[in-house]
Amino acid sequence: MHDMPAEPRVPHFSSAKVAATSWGFGDGQAIPWEYAPAPEARDIVKLKERYGLFIGGREVPSSDGEVFATVDPATELVLAHVSKATPADIDKAVRSARRAGSRSWGNLPGRERAKYLFRIARIMQERSREFAILESMDSGKPIKESRDVDVPLAAAHFWYYAGWADKLEYAFPGRTAHPLGVAAQIIPWNFPLLMLSWKIAPALAAGNTVVLKPASTTPLTALLFAEVCREADLPPGVVNIVPGPGAVGMSLVTHPGVAKVAFTGSTEIGRLIAKGVAGTDKALTLELGGKAANIVFDDAPLDQAVEGIVNGIYFNQGEVCCAGSRLLVQESIAETLIDKLKDRLSTIRVGDPLDKNTDVGAINSRAQLEKITELVQSGVDEGAELYQPACDLPERGYFFRPTLFTNVAQSHRIAREEIFGPVLATLTFRTPDEAVEKANNTAYGLSAGIWTDKGSRILHMASKMRAGVVWANTFNRFDPTSPFGGYKESGFGREGGMHGLHAYVRLEDR
Ligand code: NDP
Numbered sequence: 009m010h011d012m013p014a015e016p017r018v019p020h021f022s023s024a025k026v027a028a029t030s031w032g033f034g035d036g037q038a039i040p041w042e043y044a045p046a047p048e049a050r051d052i053v054k055l056k057e058r059y060g061l062f063i064g065g066r067e068v069p070s071s072d073g074e075v076f077a078t079v080d081p082a083t084e085l086v087l088a089h090v091s092k093a094t095p096a097d098i099d100k101a102v103r104s105a106r107r108a109g110s111r112s113w114g115n116l117p118g119r120e121r122a123k124y125l126f127r128i129a130r131i132m133q134e135r136s137r138e139f140a141i142l143e144s145m146d147s148g149k150p151i152k153e154s155r156d157v158d159v160p161l162a163a164a165h166f167w168y169y170a171g172w173a174d175k176l177e178y179a180f181p182g183r184t185a186h187p188l189g190v191a192a193q194i195i196p197w198n199f200p201l202l203m204l205s206w207k208i209a210p211a212l213a214a215g216n217t218v219v220l221k222p223a224s225t226t227p228l229t230a231l232l233f234a235e236v237c238r239e240a241d242l243p244p245g246v247v248n249i250v251p252g253p254g255a256v257g258m259s260l261v262t263h264p265g266v267a268k269v270a271f272t273g274s275t276e277i278g279r280l281i282a283k284g285v286a287g288t289d290k291a292l293t294l295e296l297g298g299k300a301a302n303i304v305f306d307d308a309p310l311d312q313a314v315e316g317i318v319n320g321i322y323f324n325q326g327e328v329c330c331a332g333s334r335l336l337v338q339e340s341i342a343e344t345l346i347d348k349l350k351d352r353l354s355t356i357r358v359g360d361p362l363d364k365n366t367d368v369g370a371i372n373s374r375a376q377l378e379k380i381t382e383l384v385q386s387g388v389d390e391g392a393e394l395y396q397p398a399c400d401l402p403e404r405g406y407f408f409r410p411t412l413f414t415n416v417a418q419s420h421r422i423a424r425e426e427i428f429g430p431v432l433a434t435l436t437f438r439t440p441d442e443a444v445e446k447a448n449n450t451a452y453g454l455s456a457g458i459w460t461d462k463g464s465r466i467l468h469m470a471s472k473m474r475a476g477v478v479w480a481n482t483f484n485r486f487d488p489t490s491p492f493g494g495y496k497e498s499g500f501g502r503e504g505g506m507h508g509l510h511a512y513v514r515l516e517d518r
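Residues 9 to 518 in the working numbering are what the sequence shown spells out, letter by letter.
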């Protein structure tokens, strides 16, 4: 690994009310013990100094030989250099995908495609530890999340869609499903391997071929996945992986050989992609940002709700499009709930992503850390009350304390904008109608959470939420069989389940 030039660290908030370490009592009473370090060994990951593009089943350099560095956000050290795709490489990758579509892959019956998907799922499981460690190194997420959530779910998507590959006639009764052709897939950095599997597994199951561009800060697990494709003997060109900058993503979107575009990322880039596709007959799905309300009623099991709130916003450092970033609490229990939440926050461990005890790892990049810092400062400036538990942050790396805002107004930027960091904005409500009004008062519509003892209230609230996913008495649960997607500025189209297959087929009446 190579040292990066030192840059100034992001300043701390002078206005932050930092509580004394309490380890769960919420009264400033410190318990004099700490968790012993439990570092995950990294030797299973064999980092190469340089990675190529994956085109036509082979690792190749970019057409102009240029590379870019990918950095470990927990140490600020360069992990590896990766070939930077050019428009010429994109053209090569799309041609290779088209060839595979019209020859090898296109001629395989569903049951044969299924065998490849099963094989990929199995190899991912066999290499799960390697994937999890590499994912945590490249993205900054805690190992316990990449090990227990990202990688198992990624493999589960391949298992699930493998099952559909020979059953498309049952998925779409009375109609014949045809693949669309080459799918251009662009994914973000918050769940690199998981987003890859959400996109590649249904596309291949339905008979399409793929050109995928990972995010520039997290290309490594996609390139390890390229190795899995080779190990599974996937015919060359069925999957192509082309790391490169945003601009090269746009040349993929606008390539005339592409039939379908699937994008996950910011609403801003989603808009550009929609413009790039406009006027063509390309199919498009967009999974964009969110600003979800997590609504807690006075009859909710409060301790359970606190766990759900913590999981909703501090999971993956809050870098989650469906994060429960707005907490709506019924006024009568607000004080009690916030006290419990502050207690719980003081037990959250922030630090080395590869330590098995870490709850909140590193923010993915310096740019993202700066964005979070700026938005949190705006919250303080606009008059919200900030709380951060006392915790030491590592000397190096992009870390941010779990942050809780109270006294938040709906007009505050922290209540309106997607922060994509471990920052929770709390608002209160008195009646269910007011909760609905506030929850839906957002440009986004990706997810929502409801905490209450009453089943009838869950059903009532769920039917009023303008959100693609509504969790009841839980949050951030994912399953390959369940569709996921948004309303309004959170995008359109669904991924996961049978809905996810639908986005990759053209249906013809029989
Ligand atoms: P982007 O939307 O810019 O990035 C997502 C993907 O799109 C990356 O692969 C990126 O490539 C690519 N991309 C960037 N520009 C273009 C373009 N013009 N044409 C085609 N593809 C492009 O998100 P950021 O990484 O910049 O994050 C910014 C903010 O977006 C975050 O702070 C967060 O609020 C939000 N976000 C939301 C996500 C979600 O899942 N809803 C995921 C990620 C971010 P490259 O990495 O090379 O720039």
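Just so you know, even glycine gets a beta-carbon here, dropped at the ideal spot from N, CA and C.
Model, not experiment: these values are computed from the prediction.
- CA-to-CA, the gap between Gly504 and Gly369 works out to about 27 Å.
- In the DSSP annotation of this structure, Leu435 is not part of any alpha helix (DSSP H); the continuous beta strand (DSSP E) holding it starts and ends at Val431 to Phe437.
- The C-alpha of Gly476 is placed about 25 Å away from the C-alpha of Tyr178.
- The alpha-carbon separation between Asn415 and Leu335 amounts to approximately 11 Å.
- When distances are taken from the beta-carbon of Glu426 to the heavy atoms of the ligand NDP, the shortest one is below 6 Å.
- Annotated as distal: Thr450 and Lys221, with beta-carbon spacing of 7 Å or more.
- With fewer than three CB-CB distances shorter than 8 Å, the region 154-168 does not count as touching the region 66-83.
- With a cutoff of 6 Å, Ser274 counts as near the ligand NDP, since its C-beta is closer than that to a heavy atom of the ligand.
- Counting the other CB atoms within 10 Å of its CB gives Pro251 a total of 16 or more, which places it among the buried residues.
- Check the Cα spacing between Ala240 and each of Ala122, Asn481 and Thr436: the tightest is with Ala122.
- Taking the CA atoms as reference points, Asp367 sits about 37 Å from Val261.
- Taking Phe62 as the centre and dropping the five residues before and after it, the same chain places the C-beta of Leu231, Ala234, Asn248 and Ile249 closer than 7 Å to its C-beta, in chain order.
- Annotated three-state conformation of Val53 is coil, per DSSP.
- A buried status is given to Thr434, since no fewer than 16 other beta-carbon atoms sit within 10 Å of its beta-carbon.
- Here Leu188 is near Ala267, since their CB atoms are less than 7 Å apart.
- In the displayed model, Gly499 falls within a strand according to three-state DSSP.
- Look at Glu390 here: in three-state DSSP terms it is coil, with no helix or strand label.
- In this structure, Val102 sits away from Val246, with a CB-CB distance that is not shorter than 7 Å.
- Within 6 Å of the C-beta of Asn372 there is not a single heavy atom belonging to the ligand NDP.
- For Leu204, the secondary structure class from DSSP, reduced to helix, strand or coil, is helix.
- Distance from the C-beta of Lys379 to the nearest heavy atom of the ligand NDP is below 6 Å.
- In this structure, Asn198 has its CB closer than 6 Å to one or more heavy atoms of the ligand NDP.
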